[in-house]
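Written out below as structure tokens is the structure these notes cover.
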Amino acid sequence: MFRLRRKNYKMDIDGVGEVTVKEFSTSKGMRIIVHRDTSVTVTLRPGIAKNKVECFVRQHSAWIENAKKRCARRAENSPVPTSKRTVDPSELLRLRSSAKQYLPERVRFIAERFGFRYNTLKINRARTRWGSCTSRKNINLSCFLMRLPMHLVDFVILHELCHTVEMNHGTQFHALLNRVCGGHEKELNRQLRAFRID
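Heads up, the sequence shown is in the numbering used here, so the first residue is 1 and it goes up one at a time.
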């Protein structure tokens, strides 16, 4: 039986507004993108029912609203057009300040709770990944983590701490991460992939 490929379409969701839905055969799940003009796009693999898309968007409505407000503030403070990857300096300063105040103590607390040992922690401005861990057990975390819900910040921290034991993404690494996440690694990873702001 052949399944017809649904074209891109729009949905009007209460509490969120108009959402553009785009299907890509390479998508592994659903991802929400809040654009600079505050429009919202959901990318997903073909075949996901509309009611599931609507439910997914509703679950993240609070995050979407906050992301729209951030985009609106950046637009107000940046009258001159900027490149897609430019971040408003005042927001970057706020994110870095919040990250430096919150992340070191949080990493220390989580490491002690689960028995991990790490060497140093650095806060950077990386926009391509949330964090990394070197073979010397030096952890790097992006200040953009502060845009995420706190439970996902903890998930990223746990991910990098697990790399102090397993330096790859093999079965042992995922078994360890799943254990310290209470068996919710796949769900938390799915949630993390949903967050992105152009």
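Beta carbons are placed, not taken as given, at the ideal position from N, Cα and C, and that holds for glycine.
Quick caveat, the model's predicted, so the values are computed rather than measured.
Three-state class that DSSP yields for residue i in the structure shown
i	result
L145	helix
V57	helix
K28	coil
V107	helix
M150	helix
R117	coil
C162	helix
Residue i versus residue j: straight-line alpha-carbon distance, rounded
i	j	result
R117	H163	10 Å
K137	L121	9 Å
E18	I64	12 Å
T82	S90	Interpretation of T82 is limited by its pLDDT of 38, a score under 50 that renders its predicted location unreliable; the figure taken from the coordinates is listed afterwards. The straight-line gap from Cα to Cα measures roughly 15 Å.
A175	L92	35 Å
K100	A126	14 Å
R108	L161	10 Å
K186	D37	31 Å
E23	G47	8 Å
R94	A72	16 Å
V16	H35	14 Å
E112	R129	24 Å
A62	L177	27 Å
S25	N8	12 Å
H151	Q191	10 Å
V156	V21	27 Å
N66	S135	36 Å
F195	F144	11 Å
R179	R193	20 Å
G183	N189	12 Å
R58	D88	28 Å
E105	N168	26 Å
CB of residue i within 9 Å of CB of residue j, strictly
i	j	result
L158	I123	no
N119	G131	no
K68	V40	yes
R147	R96	no
V165	L103	no
Counterpart residues of residue i in DSSP-defined beta bridges
i	result
S132	N140
R196	I33
I123	L141
M11	V19
T41	T20, I33
Inset, instruction - Say whether the region 24-34 touches the region 53-69, bearing in mind that this needs 3 or more beta-carbon pairs closer than 8 Å, one atom from each stretch. - result: yes
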